[in-house]
Amino acid sequence: MLYQSTRGGAPADGAEAVLRGIAPDGGLYVDASLPKRPFPWDEILCLPPLSMAARIMSHLLPDFGGMEELLRSAWPERFDSPVITPLASAGGFRILELFHGPTCAFKDVALSVLPLLMTKARAGRGEAGQTLILTATSGDTGKAALEGFRNVDGTGIVVFFPDGGVSPVQRMQMVTQTGENVRVCAVSGNFDDCQSGVKKAFAALNESGEPARRGIVLSSANSINIGRLAPQTVYYFLAYRQLMDRDEIAPGDPVDFVVPTGNFGDILAGYQAKLMGLPVGHLVCASNANRVLTDFFATGIYDRRREFLRTASPSMDILISSNLERLLYLASDGAEAFVSACMNVLAREGAYTVPEEIMARIREDFAAGCCSEEECARTIGRTWRECGYLADPHTAVALKVTDEWKASGRAAKAVVTLSTASPFKFPAAVLSAVGGQAEGDEFDQMEALSSLSGLPVPPSLSGLRDKAVRFTDVIAPGKIGDYVYEIIRKGGV
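Residues in the sequence shown are numbered from -3 upward in steps of one, following the numbering used here.
Shown next as structure tokens:
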């Protein structure tokens, strides 16, 4: 299996694509054959969850053998639900809970798997030296990646996060991370500054040849890595199966998914499920007050030239949604020159326009909505009072957009809202929204939220109080490359 770069560079096999993360030309790897390769989606829905997941993963990453054994190493002992991503019902909502893993965020589903894929890829290629993972995070990816790659042989990981741009709990999860092969650094900017800085570091360092001279290969754990997207595709099938088990749908009935979206990876995984045949109706992109994606779907113009807003849903505080590049490639039938031109114009001028013909194709599968800060808080409070369900701010954004989507008259009979994080990761925002007092530090707030709701604080979060802070570096965005260079010069993490 060969994966194409969205910008027309040389293709790569599965092992190379997973290990590189980003193509040498700056593009993202895509399985252009996915819409054409038949997949027995209806037959696998009767399998046990891990067996079903293994069949899906093997279809997306056919170069990797032993997939069910790999998933048994990745998921069961790390997740507190036997179905990994259980489907909850609250009032009129169907909520797919993706936060039952070790860091209480949806990124755990993929980042429990990616290190094992990379280890397998390295072994298959007979590679020595270190794979150095460079990751920018808007909050949840950082901790999940650190936990997934902690003390994994042959790898090191450096995570960059926006200083003041993540929740206090997210920050504590990262700066207290244990492990001999991990490094964490704050950046005095926003997530887009982190992400752009990491991409520039990739390009400059690889061009210099310094990593290769030191026996180091640079890679990424962001959703730009196809090894991240494949496990995320699984839970769309898991949701469909749970709806069937409850007799809420029959096989073949369309299901819409509303996805809180920042970097566009989670929703793109749903699109992969649709391309594999799963009866996905619409994928509804839910944005917070940074509504760059909502405006794109409405106008066909992607324009990051706007004020960057820090919100209560920081994992969605993004103005450059990297994975949208993959959708442009697929919707344009692999028009590499077009995609490359869009990305160059975005980098140079801050905006690009997609022809109406391509937008019409995109709108057949996608819709979008957004949620202000005030609406987010009201949704958290209303969902708790009326449904008895405690939602984090990212999930609240999606619940508000779900209500609007259902009222539009375009929704399928079954609509599933993705819940991406535990409410205890954002205790101050959730407490205030449900009528509590957000007093003291984040740990006091977690306990207050637990007392108010009757729900236990996840042990992985409450235990942060007693952990020592290990990482205190803060650098300017333009210094990311220098920071990584010093790590490489010393032989890696």
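All C-beta atoms, glycine included, are put in the ideal place defined by N, C-alpha and C.
Using a C-beta cut-off of 8 Å, the stretch 289 to 300 makes no contact with the stretch 245 to 252, since fewer than three inter-stretch Cβ pairs fall below that distance. If you check the CB distance, Thr131 and Val213 do not come in under 7 Å.
Between the alpha carbons of Leu83 and Val230 lies a gap of roughly 14 Å. For Ala101, the secondary structure class from DSSP, reduced to helix, strand or coil, is strand. The C-alpha of Ser54 is placed about 14 Å away from the C-alpha of Leu112. In the three-state reduction of the DSSP assignment, Ser54 falls in the helix class.
Using a Cβ distance threshold of 7 Å, Leu15 and Ser215 count as a contacting pair. Between the beta-carbon of Met170 and that of Phe157 there is about 6 Å, and that keeps the pair under the 8 Å contact cut.
For the pair Asp159 and Ala408, the Cα-to-Cα distance works out to about 41 Å.
Beta bridge pairing from DSSP links Val254 with Val280, Thr413.
Within the model, the alpha-carbon separation for Leu324 versus Gly87 is close to 36 Å. Beta-bridge analysis with DSSP links Ile297 to Thr349. Secondary-structure assignment with DSSP links Pro158 through a beta bridge to Val183.
Per the C-alpha coordinates, the member of Glu370, Ala49, Ala410 positioned closest to Lys396 is Glu370. Cβ atoms of Phe233 and Met48 come within 8 Å of each other, at about 6 Å. The residues Thr81, Pro82, Ala84, Ser415, in chain order, have a CB closer than 7 Å to that of Glu93 in the same chain once the five nearest residues on each side in sequence are set aside. Around Gln268, the same chain offers Thr229 as residues with beta carbons nearer than 6 Å, after the five sequence neighbours per side are excluded. Ala117: member of the alpha helix (DSSP H) spanning 110 to 121, first to last residue. Beta-bridge pairing by DSSP links Leu(-2) to Asp9. The beta carbon of Val109 lies closer than 6 Å to those of Ala70, Pro227 in the same chain, with the five residues before and after it left out. The three-state secondary structure of Tyr385, taken from DSSP, is coil. For Phe89, the uninterrupted beta strand (DSSP E) segment begins and ends at 89 to 93.
In this chain, the beta strand (DSSP E) harbouring Thr127 covers 126 to 132. Ile483 carries a helical assignment under DSSP once its states are collapsed to helix, strand and coil. Between Val480 and Val154 a beta carbon distance of about 6 Å is seen, short of the 8 Å cut, so the two are scored as contacting. By the criterion of a C-beta distance shorter than 6 Å, Thr174 is surrounded by no residue of its chain, once the five residues flanking it on both sides are discounted.
Contact annotation: Phe304 and Leu320 have beta-carbon atoms that are not nearer than 7 Å. Short of 6 Å from the beta carbon of Ser77, and not among the five residues preceding or following it, lie these beta carbons of its own chain, in chain order: His96. The shortest CA-to-CA distance from Arg118 to any of Pro98, Phe102, Gly135, Val148 is the one to Val148.
For the stretch 200 to 249, the full-length beta strand (DSSP E) segments reaching 3 residues or more read 212 to 215 along the chain.
Spanning the alpha carbons of Arg300 and Phe89 requires a straight line of approximately 32 Å. One thing to note: Ala394 has its Cβ no nearer than 7 Å to the Cβ of Ile245. For Leu83, the uninterrupted beta strand (DSSP E) segment begins and ends at 83 to 86. Counting only the Cα atoms, Glu65 lies some 29 Å from Leu457.
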